[in-house]
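1281 is the number that our numbering gives to position 102 of the sequence shown; each next residue is one higher, with no gaps.
Idealized CB from N, CA, C, for every residue including glycine.
Presented below is the structure to which this report refers.
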Amino acid sequence: MTTKPTRTPATDPDSPIEHDVAVVGGGASGLAAAVFVARYGLDTTVFDGGKAAITQCAHVENYLGFPGGISPNRFLDLGRAHATHEGVEVVDDRVTAVRPHENEGAFLVETAERECLAERVVVAAAYDETVLAPVAEALDESEDVEADADDLFVPTDDGRTAVDGLYVAGWMSDETAHQVGINAGHGSRVGLTLARDHMSERYWPAVGERYVDWVVHDGRYGGEGWDEHVDEWFDREMLPADHDLDSEAIAAAREDLKAEFLGRCLDEDERRQRDRAGQRELLEHVDDDLIREHVTELEGTDTTHAN
Ligand SMILES: Cc1cc2nc3c(=O)[nH]c(=O)nc-3n(C[C@H](O)[C@H](O)[C@H](O)COP(=O)(O)OP(=O)(O)OC[C@H]3O[C@@H](n4cnc5c(N)ncnc54)[C@H](O)[C@@H]3O)c2cc1C
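So this is what it looks like as structure tokens:
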């Protein structure tokens, strides 16, 4: 995870709540995008309300990792728990509109209950394209953007749209692959893209494009010769083509990257602790009567062994 970028807090109590990123839609694609963005270190809020495609499915049987399938609501609860675990705020509120804000590059996300100002927005609202109507109108009127409103709904694979800072994920982005695993994967891709775009702005694109969300065994990074190896790699592949950054900025980027690599390492104790904590989180989503039934079965097995 990167160091959390600093933001200027709102000083006017009546001004909208500020977030780095607002995600519209708390289905598989929106929650997956939020997980990636929050793990990168951006302050992220998911707004969820309205019609969800997945709740029309009777039982999800093709999402990898659930051998007996899973009910849509349990699946969504797990997704929300995951996002919350990563620091995402999930708000049960339907977004009525996303509109460009007078602060250039920011968006106003409106619900019946509140307004939120976000630097970047991911729209993952499946059928609800109406939330994007104000952005589409502004785009139609704009002379700066060489695209029309229809292009908003035809994002690239990475979810970027014709408007900087606005991304579209999941079902809404792709008319051909209405499958939850594919749409969740797309949300992950969009979240990663947003993180990379942010990092490209903080440093420069060659650095941003290398961002990955990995956790590795202790010892993979660091140790004898590692610093020199990273310096060499950085100077060979990552320096900006025009070299117009002063050397302090380059040194800072290099050191930040090294710190980030080292921060991805888990020692064996921490790895075990996270494995156990992860299993306990899963148990929270299993019905109590099934856990009791399983314990009884285990006790029966133990007795058999004892005999
Ligand atoms: C009848 C049916 C059965 C299906 N069965 C399967 C299946 O068995 N297996 C499979 O792989 N796929 C199945 N699918 C497809 C699957 O449901 C979708 O591919 C997947 O759910 C899309 O994920 P998503 O996050 O993009 O959209 P969704 O799951 O629809 O999530 C969108 C979220 O956005 C929220 N939202 C919408 N508008 C707003 C708004 N204005 N403000 C805030 N939040 C908003 C919704 O409440 C919802 O939570 C089925 C779809 C249908 C319709």
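*The beta strand (DSSP E) spanning His1198 covers which residue range?*
Ile1196 to Val1203
*Residue interval of the alpha helix (DSSP H) (run including Glu1411)*: Trp1405 to Glu1416
*Pair within 8 Å by beta-carbon distance, Pro1251 and Cys1236*: yes
*asked:* Using the three-state DSSP reduction, which class does Val1270 fall into: helix, strand or coil?
replied: strand
_Tell me which residue opens and which closes the alpha helix (DSSP H) that Ala1291 is part of._
Ala1291 -> no alpha helix (DSSP H), and no H or E assigned at all.
_Is any non-hydrogen atom of ligand 1 found closer than 7 Å to the C-beta of Gly1229, if you look at the structure I gave you?_
yes
*Leaving out five residues on either side along the sequence, give the residues of the same chain with a beta carbon under 8 Å from the beta carbon of Val1409.*
Arg1433, Leu1436, Lys1437 and Phe1440
*Measure from the alpha carbon of Phe1226 to the alpha carbon of each residue in Gly1205, Glu1240 and Ile1233, then state which is nearest.*
Gly1205
*Give me the Cα-Cα distance between Ala1485 and Gly1479, rounded to the nearest whole angstrom.*
Caution is warranted here: a pLDDT of 47 is assigned to Ala1485, below 50, making its placement in the model unreliable, and no coordinate value can be reported.
*Excluding the five sequence neighbours on either side, which residues of its own chain have a C-beta within less than 8 Å of the C-beta of Asp1256, listed in chain order?*
His1464
*Going by the beta-carbon positions, is the gap between Gly1398 and Val1369 smaller than 8 Å?*
no
*What do you reckon, are the CB atoms on Thr1223 and Ala1213 nearer than 8 Å?*
yes
*Proximal residues to His1357 (C-beta, below 8 Å), its chain only, five neighbours per side dropped*: Ala1232 and Trp1350
*If you check the beta carbons only, do Cys1295 and Val1302 fall under 8 Å apart?*
no
*Three-state class that DSSP yields for Thr1223 in the structure shown*: strand
*What are the start and end residues of the alpha helix (DSSP H) that includes Leu1461?*
Glu1447 to Leu1462
*Taking all protein chains shown into account, decide if His1473 is buried (16 or more other Cβ within 10 angstroms of its Cβ) or exposed.*
exposed
*Does any heavy atom of ligand 1 sit closer than 7 Å to the C-beta of Gln1358?*
yes
*Using the rule of at least 16 other Cβ atoms within 10 Å of the residue's Cβ for burial, across every protein chain shown, is Asp1353 buried or exposed?*
buried
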